[in-house]
Every structure is written in C-alpha cells, then in structure tokens.
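For reference, the structure is listed below as structure tokens.
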Amino acid sequence: MVAELGLSYGVSLESEAAVALTLEWLSKNQEADGHWSSKKHSPKETSEVDTAGTGLAILCFLSSGHNTKKGSYKNTIKKALSWLVKKQEANGRFDHRNYSNGICTMAISEAAGMGLGGSLVKKARNKATDYLLSQQNASGGYNYKKSNSIQRNDLSITGWSLMGLRSAMLSGYKKKQIQRAFLKFSKMMDRVKGSTGDHSPDTKGLAWYTSNGKSSRKGSATQAIALLLRQYQGSKKSDPWLVAASNDLFAKQFTSYETFEVYQSYYSSLALFEYGGEPWKNWNKKNSMILIKGQKKEGKLAGSWGSNGLCHSTKGGRIVATSMACLILQTVYRYPRMK
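Each step along the sequence shown adds one to the number in numbering that gives the first Met the number 0, with nothing skipped, and position 76 is 75.
In structure tokens form, the structure reads like this:
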C-alpha cells in the first residue's frame, strides 16, 4: 500500500507494519466457526458485541486488500463471511441494534463490492441494505431500533447506519434510495442547527448526540460523525461549520494511548482525511505514532490493543479496540476522497 499511495497521504512503513501485525493477531484469534469472541479476550464483556466485532474485524482484512481467493488470510475471510451470512435473519438484520447492523452492512457490502462470496454475499448485502433503509425514522435519523411511537434520533447510531448504506451504494446497490436516505438525514441536520448555534457565520461547529437539540461537546465523536457526513453530502471545506468542527477535532488531539478514545478517533480520522490539508497531516502523524506505540509487540497479545476504558472501547473490549485501531491506521486507503 505504501508504494501505491505514497507518503503524502500519511501512510508509513511503521503504520503498515502495525496493520500487518494486527491482521496476524486477528487471524490467530478467530473462533473455529468464523467469528471473534469479545468475552474470550475481555472476561468482563459478553457475546452481545460479537456481531459488531466480527464485522469490524472483517473490514480490517478487506481494507488491506485481502480476499477469499488468494493470500494468507483467504480462509479467515471465508469463515468470517460465512458466519455473518448465517447470523443474518430473514428480515435482513444481523442484530437487534442498528449500530451493529450498520457495521455488518459495511462489511458485507464491501465484500460484495470486491466480488467475494458470490451470490450468497450479494443476497446478504441486499437484505441488510433493505433492512437499514426500512429502519430510518421519518425525521431522518436512526435509533437502536425503529419505533413508530418514539422518534429518537441518535447521531452515533445514525453514523454507523448511513456508513453501512454508503458502502452498499458504492458496491452498486440501490443508489437512488440511499441518496434519498442521506438527503432526509441532511434535512434533519439543518433543522437542528438553530439549537446548536450553527445558523450564523460564527458557528460553533457543534453537533447533537440526540435530536432533542442538546449539543455535544467540542472534539467529540458525534462532532466527527457530523463533519464526515456533511462532507459526504457535499458541504464545501470553506463552510464555517466545517472549519470550526475540523479545528475543534484537531484541538482535541490525543497525547497518549492512555487518553486515547478509539471511537472518536475512528470518525475523526475519516472526517479529517476527507477534509485534507494541514488538519489531516498534523492529526494523522501524531495519531499514528500513538497507536503504533500503544500496540502490543510481544507475546500472545502481539498485534492487539487493549481497552483503556474510555468511550466505546469499554464496551467492545480487545477485539473492538484492536479492529478500530487498525481501521484508523488504514484510513487513507479505506475510502477515496470525494472530488
């Protein structure tokens, strides 16, 4: 990947070595049936995050260009995709929570887009996408599960759901319907701008966590999600909101893995990579250094990152923390920048 992308985007020999070590650890620690167990590596966890964790692990392999046809990890990916397809229910969902459905739709869609798994994976992508489309609230956002009586819009869950839909669209499925879903979300974002002080040139660049108008803090994961999705909707880099939000995220730069919020950093990295320029270069250089230093290098845990107890790493344990850290290092070749 280094030779293909060049160092200008932020890929380095050290970051690629860290990714390679992660893939080796994930492959060695895959369960016989194809999934990854959170409880096995983090005793306090439960199997409820295994579906999302498996989706994230699959994305790590696909993001580095590995496939089911050749290479060291072809059987790893085959088993994981097979487990995910079997996990899917008749209505298309993988889990009763939509954040997990969004993650798994990303994984199955990216596999389908790479031509992996044949008709079974394509069928699973189609069902998963149709389910996610049906789960969008009339107001434009997503909740853990759609409810006709409660219109709760959660920006974190909305982010995963829309990213799942975007992966499906990029793989060639239901482009028009997915564009309409993004447009509905964009209109909702505009409606809540007033409550976060974003209807003026001196915008605060804030986002909301839930659409009751409560603002998130600066440098938060939800601010990063909003920055990424606004750019995908066509907002210009000169937009005052984008400028304020990107500055906030850069100011929230972490200093060590002990203070590192992997979930916030995942979305911040995607958002700032899309934004480009100095904010991205400065962010990525420091971020990568922290992750490389924080990765286990010896013993049975070599290639992994432990949960430091912050943000969503607490819930997902070592599997989720490791997969998300790996995906952060893979940011520059996960999605092409929009023109």
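All C-beta atoms in this analysis are idealised placements derived from N, C-alpha and C, irrespective of residue type, glycine included. As the structure is a prediction and not an experimental result, all values here were calculated from the model.
Taken atom to atom, the span from the alpha-carbon of Ser268 to that of Ile327 is near 6 Å. Less than 8 Å divides the Cβ of Cys103 from the Cβ of Thr50.
Its chain contains Gly204, Gln222 and Leu226 as the residues whose beta carbon lies nearer than 6 Å to that of Ala244, once the 5 sequence neighbours on both sides are disregarded; these appear in chain order. Only residues of its own chain outside the window of five on either side were considered, and among them Val261, Trp304, Gly305, Ser306 and Ser312 have a CB closer than 7 Å to the CB of Ala320, listed in chain order.
In this structure, Ala110 and Leu164 do not form a Cβ contact; the two beta carbons are roughly 16 Å apart against a cut-off of 8 Å. Counting only residues of its own chain and dropping the five nearest sequence neighbours on each side, Ser255 has a CB closer than 7 Å to the CB of Ile289. Annotation: the continuous alpha helix (DSSP H) that includes Phe184 extends over Lys174 to Arg190. The criterion of a C-beta distance shorter than 8 Å is satisfied by Arg124 and Ser170. Excluding five sequence positions before and after Tyr98, the CB atoms of its chain that fall closer than 8 Å to its own CB belong to Ala51, Tyr143, Ser155, Ile156, Trp159 and Ser160, given in chain order.
Collapsing the DSSP output to three states places Trp207 in a strand. If you draw a straight line from the Cα of Leu182 to the Cα of Ala167, it is about 16 Å long. In the pairwise beta carbon analysis, the segment 263–277 is classified as touching the segment 230–240: at least three pairs are separated by under 8 Å. Scanning the segment 88–133 from its first residue to its last, the whole alpha helix (DSSP H) runs of 4-plus residues come out as 97–112. Judged by their CB atoms, Ala127 and Gln87 are nearer to each other than the 8 Å cut-off. When secondary structure is reduced to three states using DSSP, Asp49 falls in the helix class.
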